[in-house]
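These notes concern the structure reproduced below.
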RNA sequence: GUGGUCAUAGCUCAGCUGGUUAGAGCAUCAGAUUGUGGUUCUGAGGGUCGUGGGUUCGAGCCCCAUUGGCCACCCCA
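Numbering (this note's numbering), first residue to last: 160 to 618.
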């Protein structure tokens with residue numbers, strides 16, 4: 160017998176952890192529903208070709224591929240060896256693998272929309288909370304299996320959608336008790352930046368470099384920009400642009416906007432980007448309690464974003480972003496269905512968990528499963544207790560009868576370990592008098608009442 | 001994919017420059033009390049020192065490989 164172990168980068172979630180995770184997930188889910196979103200689930204696996212080529216060369220390498228069945232068939236051995244040769248040469252992999260574990264929720268969603276667009280009512284708002292898999296090397300906050308939690312609106316260009324999504328962030332984090340800032344920017348402004356640098360083709364290079372600003376600082380970003388082929392003048396323009404947000408004196412968002420606009424002059428793309436930001440800022444500021452701010456250094460690595468982009472950070476904990484998203488044109492174009500734009504957001508469930516843990520934000524009763532434990536103190540006694548258990552369950556009170564007649568202290572310890580707040584004791588004394596004793600383990604108090612009153616007891 | 005670092009009981013760790021039969025705390029289980037737990041006391045179980053090779057009279061300790069954890073880079077959530 161070898162010791163059992165988990166595959167690299169995966170985790171078990173024990174009862175306590177699941178309870179806390181469910182608290183987060185159900186909060187998010189309820190808000191999604193509140194905003195009119197519908198649930199969607201897609202399979203753990205997709206056809207390999209659905210996934211390949213959608214995440215870039217790096218991404219392709221990180222897709223978990225599933226070995227075909229029947230590879231052990233002796234009659235096919237020659238064929239399979241030839242197929243494997245092809246795989247080694249990077250050609251066709253069909254003989255060995257045709258399916259893969261999903262890598263994110265967006266592409267399977269796009270596939271779903273492409274397959275069902277004729278039956279969907281647009282704008283289609285869906286949310287999806289499922290695990291995804293990446294063959295990445297694990298490290299802090301990075302796993303090979305992790306949950307994504309996405310909400311997208313497809314089939315509409317209205318900026319109202321962005322406003323809704325920002326409001327969802329505000330609602331969820333308000334309910335969870337996490338203070339946040341929602342940072343927004345527009346890819347159009349970044350594209351305009353590339354234009355005024357005279358390098359519209361280098362948009363991706365510029366965004367990748369800018370995206371690292373928080374992490375590596377302005378000097379290294381400048382280095383990276385030069386390495387990616389921008390000359391000193393161009394780097395200077397970008398530096399000026401980036402310096403907007405880092406200004407010392409507290410600016411209002413609107414001051415910031417007007418300063419930013421100066422850099423771009425009459426550039427059409429930039430104008431559109433600023434309009435977007437102003438629209439969303441205006442609506443959200445008016446309607447909710449959200450702390451929304453424009454951050455021109457926000458870039459986000461994913462290069463399928465084309466319009467507004469979002470990122471959420473917790474203000475009280477030093478941790479990366481706990482949510483992000485953006486607008487993309489033509490989600491389903493890759494699957495042959497053009498002209499379906501969309502905008503979506505995502506919650507970083509694991510990080511949100513860490514933030515809640517650090518700030519002690521989980522409500523104390525998340526751990527309470529069973530509310531009442533009935534002690535088992537003998538045959539006749541437990542029979543009565545069994546009847547009472549049934550009654551309480553009718554009232555929807557979670558309760559259980561200890562499984563055997565053992566010492567008090569064992570039964571107490573069981574209650575303590577399972578975080579059961581109430582214990583009901585029916586022993587020989589109670590049996591005689593048709594009473595039962597209710598003990599509150601949290602307060603240490605207890606009282607004895609008639610058995611027939613138990614059904615109305617306020618636990 | 002690249003690099004660093006670590007791996008000893010269920011958990012957290014000790015274990016000196018290689019030297020008898022590998023330790024502690026916590027946890028677990030059992031006993032003491034037996035209608036009120038978290039205290040105390042007593043006792044017990046549990047480790048082929050991640051795995052496989054090598055050096056040595058002798059390896060938990062040194063060397064090589066391998067697997068896994070953690071961390072950083074790449075990339076990303």
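By construction, the Cβ of each residue, glycine as well, lies at the ideal position given by its N, Cα and C atoms.
DSSP places residue 424 outside both helix and strand once states are collapsed to three, so it counts as coil.
Excluding sequence positions up to five before and after residue 525, its CB lies within less than 6 Å of the CB of 178, 179, 182, all in the same chain and listed in chain order. In the three-state reduction of the DSSP assignment, residue 259 falls in the strand class. If you compare the alpha carbons of 215, 195, 544, 430 with that of residue 326, the shortest gap goes to 195. Here residue 312 is buried: its Cβ has 16 or more other Cβ atoms, across all protein chains shown, within 10 Å. Excluding its 5 nearest sequence neighbours in each direction, residue 514 has C-beta neighbours in its own chain below 7 Å: 337, 473, 476, 478, 481, listed in chain order. Within the DSSP bridge table, the entry for residue 472 names 340 as partners.
If you draw a 10 Å sphere on the C-beta of residue 562, you find fewer than 16 other C-beta atoms in it, and that means exposed. Non-local beta-carbon contacts of residue 350 in its own chain, meaning distances under 6 Å to residues more than five positions away in sequence, involve 362, 428 in chain order. If you compare the alpha carbons of 540, 536, 579, 401 with that of residue 529, the shortest gap goes to 579. Judged by DSSP secondary structure, residue 224 falls within the beta strand (DSSP E) whose first and last residues are 224 to 226.
Residue 270 is not a Cβ neighbour of residue 207, given a cutoff of 8 Å.
Annotated three-state conformation of residue 205 is strand, per DSSP. By the CB criterion at 8 Å, residue 401 and residue 419 fall outside the cutoff.
Remark: C-beta atoms of residue 575 and residue 600 approach each other more closely than 8 Å. Cβ-Cβ distances below 7 Å link residue 187 to 308, 331, 506 in the same chain, with the five nearest sequence neighbours on each side left out; the list follows chain order. If you look at residue 453, you'll find it isn't in any alpha helix (DSSP H); it sits in the beta strand (DSSP E) that goes 451 to 453. In this structure the segment 340 to 357 touches the segment 427 to 442; the number of beta carbon pairs closer than 8 Å is three or more. By a beta-carbon distance limit of 8 Å, residue 565 does not contact residue 324. Their separation comes to about 55 Å. Between the C-alpha atoms of residue 371 and residue 255 there is a straight-line separation of about 38 Å. Residue 617 carries a coil assignment under DSSP once its states are collapsed to helix, strand and coil.
Counting along the chain, the unbroken beta strand (DSSP E) around residue 598 starts and ends at 594 to 599.
Secondary structure within the segment 551 to 600: the alpha helix (DSSP H) runs of 4 or more consecutive residues, fully enclosed, are 567 to 576, 587 to 592 (chain order).
By the criterion of a C-beta distance shorter than 8 Å, residue 374 is surrounded by no residue of its chain, once the five residues flanking it on both sides are discounted. Contact holds between the segment 599 to 613 and the segment 580 to 588, because three or more Cβ pairs, one in each stretch, are under 8 Å apart. Residue 471 is positioned such that its CB atom lies closer than 8 Å to that of residue 339. The closest CA to that of residue 213, considering only 169, 462, 389, 228, is found on 462.
DSSP, reduced to helix, strand and coil, places residue 285 within a strand of the structure shown. Per DSSP, the continuous beta strand (DSSP E) segment holding residue 486 begins and ends at 482 to 487.
Assigned with DSSP and collapsed to three states, residue 211 falls in coil, not helix or strand. For residue 294, there is no enclosing beta strand (DSSP E), as DSSP gives it neither H nor E. For residue 612, no beta strand (DSSP E) run applies, since DSSP gives it neither H nor E.
A Cβ-Cβ distance of about 6 Å is found for the pair residue 398 and residue 381, placing them in contact under the 8 Å criterion.
Taking the Cα positions, residue 543 is about 37 Å away from residue 172. For residue 177, the uninterrupted alpha helix (DSSP H) segment begins and ends at 174 to 193. When DSSP states are grouped into helix, strand and coil, residue 231 belongs to the coil group.
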